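Data first, discussion second: the structure below is written as structure tokens.
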Amino acid sequence: MNAFIDFIMGPMVWISFLIFLGGLGYKLYRIIHEVRTKEGYVFSYLTWYHSLRSIGAWLIPFYPRATRQQPFFYGASYIFHLALFVVPLFLSAHIVLVEEAFNVSWPALNDTFADLLTVVIIASLAFFTGRRLIQPEVKFLTTAQDFALLFIVLIPFLTGFLAYHQVFAYQWMMILHILSGEFMLIIIPFSRFSHMITAALTRAYTGSEFGNVRHARDW
Amino acid sequence: MGEIRMKTCLTAMLVVLAFCFGTAGAQELIRMDTYAFDSTRRPAAVFDHDIHNEAAELDDCAVCHHVWENGTLVEDESSEDSPCSECHGVNPTQENEMALANAFHTKCRSCHIDKGAGPILCGQCHRKMQGGE
């Protein structure tokens, strides 16, 4: 069992990060290549200024008008996305593993605060699921894949929470935690999770078209 | 009369409960001494020196209590008379980059992985509960 756990905590982490980063890099290359061959005119009005202006405007919470029209949804979304990155990257238990492997470390979140943020993530996921089940205009656009993606995010955080509290079946909870976290990383480039890079491209395109062609704001 | 019987019954139940909790508390796990750390994030690692060495069939102290000099392991020398924190600071130093917690983690886990036995996950050593899993 130790050999298996060592494999999923060692080589498998490398494999997951390689697929995650390599996949995203390839995806980015494919998108740019495809736009260049099929819709090359986009580059005639795409500018760094208008792209970054739009990305920046949409990064400021409740700055774009649409976000003020649905404050509860966007509020939950902001907190969820922030916690989604902050918790795994600044969790003391994760930093300890990085320190063990590379002898580098950085400041960690207080464990109780990280625990609280994990509960916020789980609650946000429940809210997003409920929204897809109840809100008619969202329900209309929802497919089984949307629930599957929410579930894929839920598992690493739920198992991490249960493992931290050592409630039951600790070893299996940890194995599930590690594997589900790696699975989430691996499928990012091949699923709608890739919006972690494509969202910026959408803003660049829309921001440039609105700013440079229509001379309007897109926020 | 009924009330007295009820009281006797309750007292008896309390005595039984107290006995149960009393014995549960007696099975306290033996943990590492963490005096070198100013504060700890996790419960101290569960470790019983003698039980560990018997199970691991370990006679050579230097396997854990090693001595390093100028970046190389000194053969046939052991350091069981000095605390680990004498060389490994709580934070990494220029003389010794391997901080205390990292030294414990690396030493214990790498051996447990090599031998295919012993705990290697955080909560298997840093156990929150007093009793067994």
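Chains as they are written, first to last, in the working numbering: chain A, 1 to 219; chain B, 1001 to 1133. Beta carbons: idealized from backbone N, C-alpha and C, even for Gly. Treat the numbers as computed from the prediction; the structure is a model and nothing was measured.
According to DSSP, what are the bridge partners of residue i?
i	result
Val1046(B)	Arg1031(B)
Glu1137(B)	There is no way to answer for residue 1137(B), as the model of chain B reaches only from 1001 to 1133.
Closest to residue i by CA distance: which of the options is it?
i	options	result
Ala1208(B)	Ala1055(B), Cys1087(B), Asp1050(B), Leu1058(B)	Limits of chain B in this structure are 1001 at one end and 1133 at the other, which puts residue 1208(B) out of reach.
Ile19(A)	Ser194(A), Leu158(A), Trp172(A)	Ser194(A)
Thr1040(B)	Gly25(A), Asn110(A), Val153(A)	Asn110(A)
Leu150(A)	Leu125(A), Phe157(A), Gln171(A)	Leu125(A)
Glu1080(B)	Asp1060(B), Gln1094(B), Leu1073(B), Met1098(B)	Asp1060(B)
Gly160(A)	Arg30(A), Ser16(A), His94(A)	His94(A)
Tyr45(A)	Pro136(A), Gly211(A), Ala200(A), Gln145(A)	Gly211(A)
Leu97(A)	Thr1093(B), Ile1120(B), Ser1078(B)	Ile1120(B)
Phe113(A)	Glu182(A), Ala3(A), Ala83(A), Ile8(A)	Ala83(A)
Phe224(A)	His215(A), Phe17(A), Thr206(A)	A question about residue 224(A) goes unanswered here, because the residues of chain A that appear run from 1 up to 219.
Asn1070(B)	Val1090(B), Glu1097(B), Asn1091(B), Gly1123(B)	Glu1097(B)
Thr202(A)	Trp14(A), Asp6(A), Ile15(A), Val35(A)	Val35(A)
Tyr1035(B)	Glu1054(B), Glu1028(B), Pro1043(B)	Pro1043(B)
Gly1118(B)	His1105(B), Val1090(B), Lys1128(B)	His1105(B)
Val86(A)	Ile121(A), Arg65(A), Ala148(A)	Ile121(A)
Ile8(A)	Ile178(A), His165(A), Met196(A)	Ile178(A)
Phe127(A)	Ala76(A), Leu116(A), Ile152(A)	Ala76(A)
Arg214(A)	His50(A), Ile15(A), Phe17(A), Pro11(A)	His50(A)
His1112(B)	Asp1033(B), Lys1128(B), Ala1056(B), Arg1031(B)	Ala1056(B)
Asp118(A)	Leu52(A), Ala199(A), Tyr63(A), Tyr164(A)	Note that residue 118(A) corresponds to Thr in the displayed sequence, not to Asp. Among Leu52(A), Ala199(A), Tyr63(A), Tyr164(A), the Cα nearest to that of Thr118(A) belongs to Tyr164(A).
Ala144(A)	Glu137(A), Thr129(A), Pro71(A), Leu59(A)	Thr129(A)
His1066(B)	Phe1047(B), Ile1051(B), Gly1116(B), Pro1083(B)	Pro1083(B)
Asp115(A)	Phe90(A), Thr47(A), Ser54(A), Ile134(A)	Phe90(A)
Asp1050(B)	Asn1091(B), Arg1031(B), Arg1109(B)	Arg1031(B)
Asp1038(B)	Glu1095(B), Thr1093(B), Ala1103(B), Gly1089(B)	Gly1089(B)
Arg30(A)	Arg217(A), Ser208(A), Phe190(A), Ala204(A)	Phe190(A)
Gly56(A)	Arg65(A), Ala200(A), Ile134(A)	Ala200(A)
Arg1127(B)	Val167(A), Ala101(A), Ser54(A)	Val167(A)
Ser92(A)	Ala108(A), Val104(A), Glu99(A), Trp58(A)	Ala108(A)
His81(A)	Trp48(A), Ala216(A), Asn2(A), Pro61(A)	Pro61(A)
Val1046(B)	Cys1108(B), Glu1077(B), Glu1075(B)	Cys1108(B)
Phe17(A)	Arg192(A), Ala216(A), Glu182(A)	Glu182(A)
Could you tell me the boundaries of the alpha helix (DSSP H) in which residue i lies?
i	result
Gln69(A)	65-69
Tyr164(A)	144-164
Trp106(A)	No alpha helix (DSSP H) holds Trp106(A); DSSP gives it neither H nor E.
Met9(A)	2-9
Gln1094(B)	Premise fails: Gln1094(B) is in no alpha helix (DSSP H) and is neither H nor E.
Cys1122(B)	1122-1125
Pro186(A)	According to the sequence displayed, residue 186(A) carries Ile and not Pro. Run containing Ile186(A): 170-187, per the alpha helix (DSSP H) assignment.
His195(A)	195-208
Pro136(A)	136-141
Ala57(A)	48-59
Val42(A)	42-45
Item to check | Interface residues of the stretch 159-181 of chain A facing chain B [CB-CB below 8 Å] | outcome: Ala163, Tyr164, His165, Gln166, Tyr170, Gln171, Met174
Checklist entry - Taking a cut of 8 Å between CB atoms, which residues from the stretch 74-98 of chain A lie near chain B? => result Ser92, Ala93, Val96
Checklist entry - Taking any Cβ of chain B, which residues in the stretch 5-35 of chain A have a Cβ under 7 Å from it, in chain order? => result Ile5, Asp6
Next on the checklist: Counting only Cβ-Cβ distances shorter than 7 Å, please list the residues of the stretch 100-119 of chain A near chain B, keeping chain order.
Outcome noted: Cβ contacts with chain B come from Glu100, Asn103, Asp111.
Next on the checklist: Under 7 Å, CB to CB, which of the residues in the stretch 193-219 of chain A have a partner in chain B?
Outcome noted: none
Next on the checklist: Which residues of the stretch 1079-1096 of chain B have a Cβ closer than 7 Å to any Cβ of chain A? Give them in chain order.
Outcome noted: none
Item to check | Against chain A: residues of the stretch 1040-1071 of chain B by CB proximity under 9 Å | outcome: In summary, the residues of the stretch 1040-1071 of chain B whose CB is separated from some CB of chain A by less than 9 Å are Arg1041, Arg1042, in the order they occur in the chain.
Next on the checklist: Three or more C-beta pairs under 8 Å: does that hold for the stretch 170-186 of chain A against the stretch 24-35 of chain A?
Outcome noted: no
Checklist entry - For the stretch 1118-1129 of chain B, which residues have a beta carbon sitting closer than 8 Å to at least one beta carbon of chain A? => result Within the stretch 1118-1129 of chain B, Gly1118, Ile1120, Leu1121, Cys1122, Gly1123, Gln1124, Arg1127, Lys1128, Met1129 place their CB atoms closer than 8 Å to a CB of chain A, listed in sequence order.
Checklist entry - Any contact of the stretch 169-185 of chain A with the stretch 1112-1128 of chain B, i.e. 3+ C-beta pairs under 8 Å? => result Contact holds: three or more Cβ-Cβ distances are below 8 Å.
Item to check | Contacting positions in the stretch 1097-1109 of chain B - beta carbon closer than 9 Å to chain A | outcome: Glu1097, Met1098, Ala1099, Ala1101, Asn1102, His1105, Thr1106, Arg1109
Item to check | Contact list for the stretch 34-67 of chain A against chain B, Cβ threshold 8 Å | outcome: none
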